[in-house]
Amino acid sequence: MPGGIGKLLIILGAVLFLLGVLFQLTGRLPWLGRLPGDIVIRRESFTFYFPLTTSILISVILSLVLWLFRR
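Be aware that the sequence shown starts at 59, since it is given in my numbering, and climbs by one per residue.
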C-alpha cells in the first residue's frame, strides 16, 4: 500500500503543476475565458459572468490527463 500513496502524491503534484501552467498561460491566451458558450449578462449596475464552455474544456482536459495517468 505504500506505493499507492506515492503514486497518488505524484499524480496530485502533476495535476497541480498543470494547473499552475494553465494559470500562468491564461494571461497569454486571450481566448481562454471568452469562448463561445460562456455566459455574460450585462445590466446597468450588474455584470454576471459564467464561463460555461471554458469550464467544460478544462474539465475534459483534466479528465484526459488523469485517465492517462491511471493507465
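For glycine and all other residues, C-beta sits at the position ideal for the given N, C-alpha and C.
Which of helix, strand or coil DSSP assigns to residue i
i           : result
residue 81  : helix
residue 128 : helix
residue 64  : helix
residue 70  : helix
residue 76  : helix
residue 90  : coil
Short Cβ contact (7 Å threshold) for residue i with residue j
i           : j           : result
residue 91  : residue 112 : yes
residue 118 : residue 107 : no
residue 96  : residue 109 : yes
residue 63  : residue 127 : no
Unbroken beta strand (DSSP E) run spanning residue i, endpoints
i           : result
residue 108 : 105–108
residue 100 : 97–100
Reference residue i; option with closest CA among the options
i           : options          : result
residue 94  : 83, 101, 114     : 114
residue 120 : 66, 103, 105, 76 : 76
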